[in-house]
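Colleague: Residue numbers (our numbering): 1325 to 1785.
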Ligand code: C2E
Ligand code: CA
Ligand code: CA
């Protein structure tokens, strides 16, 4: 402690030379108070926690959980109720933290509405229970009992805090930021996998343009089969990332982060371009041509030049429009419904086909089925997974039958995704489904394998 205070004295004097004299006269206690306490609440501040986190001052292998949290909508509280109320709330939180001596070793107000605690090493369930009770006890706003205060909290367990003590605060803050919901208190635990994924996502985003330049995105094709003739009648283009030409990365790993950040169009455009080139090459070879569908991400609807980009790309390769189908996921519908309907209408009037992907999942909008210019309804794999031919009275079976008849009534083609078993295909056929895309018939294939399949088909006919 002695050396720490000395260091602080030196830093303070260097930063505030005019206060040098005042410093000399200040007692050690006063100095200590100023360094380690927060002026608004009188509670400990981040300097204090920082010192506690230094392993050099801890007993060897000391175990603790680290907690970091903030108040949801704190700026609203300040703006609506005034800073006095906001400050009162900060004080209440601090005083409640100091009362919980049996499980909180150290607690501080870090800055603004951010707080941190070092607690006893506890099992997950135990710390959740403690924290929930704690947040409940500070959930009333001083002066307005009707206003419920919610918190966003990140926790690093004892195991993780032991392995990397110098990063523990960043990790807890990272977990804290995962709390995005409104009107509830959220407690999120840090995991190393989660952190690695976040770092990887950031890297993927930064690297995307280079990957496009290096031609790292490739297209696989999963054939679609006519359920009666069991012949290929089309395919879906599915992207794969030949990452740095070293390893194959599947879309589940990168599509969500690209969608979230609005850059998915760069990938979708590569896929469309490669699909068109393939159809162009197949036509040159005189092979039979079947429509290929490409995924059209909802985030691309924000791009006002989208229609031109799509049409120009297809026309550049002289591909007939009816050979390209755009697959929209259901959730795509919500952001800007009017623009989307307009775009789909334009695409359809230019001869492209439109299908609704993953039907039955996410935000179902039955009314949209009536307004949307559509050719195909793709029933999501989760329904197909539930088919149980021996128990047709099961709710899932009833539902899938109803979806098929809905598609028929609306004069749409009905395609089931992800069928893996013969019994599923038989059931779908019996109930009027038109097409199937699933491992039962074929997995997604590299483009050349798909072409070979079509070539063989042509030879046997
Ligand atoms: P999706 O559009 O629903 O594509 C179907 C996914 O289901 C594909 O996974 C396919 O390989 C898989 N699948 C098909 N049949 C079966 C089956 O019988 N069993 C099982 N277990 N899986 C089956 P994939 O290729 O990993 O793609 C996952 C998702 O990534 C796609 O789901 C789509 O939402 C997205 N995606 C793929 N390529 C693109 C793309 O070029 N652009 C955009 N925006 N999204 C893409
Ligand atoms: Ca799809
Ligand atoms: Ca799908």
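We put the CB at the ideal spot given by N, CA and C, even for glycine.
For residue 1561, report the span of its beta strand (DSSP E) as first-last.
Modeller: Taken as a continuous stretch (DSSP letters only), the beta strand (DSSP E) holding residue 1561 covers 1556-1567.
Colleague: Count the other CB atoms within 10 Å of the CB of residue 1713; is the residue buried (16 or more) or exposed (fewer)?
Modeller: With fewer than 16 other Cβ atoms within 10 Å, it is exposed.
Colleague: Could you check where the alpha helix (DSSP H) with residue 1695 kicks off and where it finishes?
Modeller: Looking at the DSSP string, the run of the alpha helix (DSSP H) that includes residue 1695 is 1690-1695.
Colleague: Give the secondary structure of residue 1433 by DSSP, where H, G and I count as helix, E and B as strand, and everything else as coil.
Modeller: Strand.
Colleague: According to DSSP, what are the bridge partners of residue 1653?
Modeller: DSSP lists 1681 as partners of residue 1653.
Colleague: What does the Cβ neighbour count give for residue 1572, buried or exposed, with the cut at 16 atoms within 10 Å?
Modeller: Counting Cβ neighbours within 10 Å, residue 1572 comes out exposed, since fewer than 16 surround it.
Colleague: Does ligand 1 have a heavy atom nearer than 8 Å to the CB of residue 1576?
Modeller: Correct: residue 1576 has its Cβ closer than 8 Å to ligand 1.
Colleague: Buried or exposed: which applies to residue 1666, given that a residue is buried once 16 or more other Cβ atoms fall within 10 Å of its Cβ?
Modeller: With fewer than 16 other Cβ atoms within 10 Å, it is exposed.
Colleague: Which one of 1752, 1637, 1776 has the shortest CA to CA distance from residue 1610?
Modeller: When each option's Cα is compared against that of residue 1610, the closest is 1776.
Colleague: Just how far apart, CA to CA, sit residue 1332 and residue 1623?
Modeller: Since pLDDT at residue 1332 reaches only 46, below the 50 mark, its modelled position is unreliable, and the value read off the structure follows with that caveat. Spanning the two alpha carbons is a distance of roughly 51 Å.
Colleague: For residue 1476, name the three-state secondary structure that DSSP assigns.
Modeller: Strand at residue 1476.
Colleague: Following a CB-centred definition, is residue 1653 positioned closer than 8 Å to any heavy atom of ligand 2?
Modeller: Yes, the beta carbon of residue 1653 sits closer than 8 Å to at least one heavy atom of ligand 2.
Colleague: Are the Cβ atoms of residue 1595 and residue 1581 separated by less than 9 Å?
Modeller: Not a contact, by the Cβ cut-off of 9 Å.
Colleague: Would you mind reading off the limits of the alpha helix (DSSP H) that contains residue 1599?
Modeller: Element bounds for residue 1599: 1588-1608.
Colleague: Tell me whether the beta-carbon of residue 1499 lies closer than 9 Å to the beta-carbon of residue 1373.
Modeller: Their beta carbons are not under 9 Å apart, which means residue 1499 does not touch residue 1373 by this criterion.
Colleague: Take residue 1748 as the anchor and find which of 1715, 1769, 1449 has the nearest alpha-carbon.
Modeller: Checking every option, the nearest Cα to that of residue 1748 belongs to 1715.
Colleague: Please identify the residue among 1704, 1643, 1485, 1398 whose C-alpha is closest to the C-alpha of residue 1441.
Modeller: Checking every option, the nearest Cα to that of residue 1441 belongs to 1485.
Colleague: Is the distance from the Cβ of residue 1647 to the Cβ of residue 1603 below 9 Å?
Modeller: Closer than 9 Å, so yes.
Colleague: Could you pull out every unbroken beta strand (DSSP E) segment of at least 3 residues lying fully inside the segment 1337-1420, listed in chain order?
Modeller: DSSP runs (the beta strand (DSSP E)) wholly in the segment 1337-1420: 1388-1395.
Colleague: Below 8 Å, can you find three or more Cβ-Cβ pairs linking the segment 1428-1441 to the segment 1362-1380?
Modeller: Output reads yes: the segment 1362-1380 touches the segment 1428-1441.
Colleague: Just the Cα atoms here: how many angstroms apart are residue 1599 and residue 1543?
Modeller: In a straight line, the C-alpha of residue 1599 is about 7 Å away from that of residue 1543.
Colleague: How long is the line joining the alpha carbons of residue 1719 and residue 1362, rounded to whole angstroms?
Modeller: Whole-angstrom Cα-Cα distance: 60 Å.
Colleague: Please report the residue range of the beta strand (DSSP E) in which residue 1790 lies.
Modeller: Only positions 1325 to 1785 of the chain appear in this structure, which leaves residue 1790 out of reach.
Colleague: With C-beta atoms as the reference, is residue 1387 less than 9 Å away from residue 1445?
Modeller: Taking 9 Å as the Cβ cut-off, residue 1387 and residue 1445 qualify as a contacting pair.
Colleague: Mind checking which residues open and close the beta strand (DSSP E) that includes residue 1741?
Modeller: From DSSP, the beta strand (DSSP E) with residue 1741 extends over 1737-1741.
Colleague: So, helix, strand or coil for residue 1615, using DSSP?
Modeller: Coil.
Colleague: Does at least one heavy atom of ligand 1 sit under 8 Å from the Cβ of residue 1414?
Modeller: Residue 1414: no, Cβ never under 8 Å from ligand 1.
Colleague: Taking the DSSP output, what are the residues bridged to residue 1549?
Modeller: DSSP, once it has assigned bridges, lists 1556, 1760 as partnering residue 1549.
Colleague: When you compare each of 1547, 1724, 1637, 1558 to residue 1765 by their alpha carbons, which one comes out closest?
Modeller: Checking every option, the nearest Cα to that of residue 1765 belongs to 1547.
Colleague: Identify, in the order they occur along the chain, each residue of the same chain with its Cβ nearer than 7 Å to the Cβ of residue 1563, setting aside the five sequence neighbours on each side.
Modeller: So the qualifying residues of the chain are 1541, 1543, 1575, 1591, 1595.
Colleague: Quick one, which of 1584, 1605, 1637 has its alpha-carbon nearest residue 1626's?
Modeller: Checked all of 1584, 1605, 1637; the closest Cα to residue 1626 is 1584.
Colleague: For the beta strand (DSSP E) containing residue 1510, list its first residue and its last residue.
Modeller: Counting along the chain, the beta strand (DSSP E) containing residue 1510 begins and ends at 1510-1513.
Colleague: Taking buried to mean at least 16 other C-beta atoms within 10 Å of its own C-beta, is residue 1708 buried or exposed?
Modeller: By the 10 Å Cβ count, residue 1708 comes out buried.
Colleague: Assuming residue 1545 and residue 1774 form a contact by the criterion Cβ under 8 Å, report the distance between their Cβ atoms to the nearest whole angstrom.
Modeller: Yes, residue 1545 and residue 1774 are in contact; Cβ-Cβ is about 4 Å, under 8 Å.
Colleague: Suppose you measure from the CA of residue 1656 to the CA of residue 1568; what does that come to, to the nearest Å?
Modeller: With a pLDDT of 47 at residue 1656, under the threshold of 50, the predicted position of this residue should be treated as unreliable, though the coordinate-derived value follows. Between residue 1656 and residue 1568, the C-alpha separation is close to 31 Å.
Colleague: Across the segment 1380-1400 and the segment 1467-1481, are there enough close Cβ pairs to call them in contact, namely three or more that are closer than 8 Å?
Modeller: The segment 1380-1400, when compared against the segment 1467-1481, does touch it at the 8 Å Cβ threshold.
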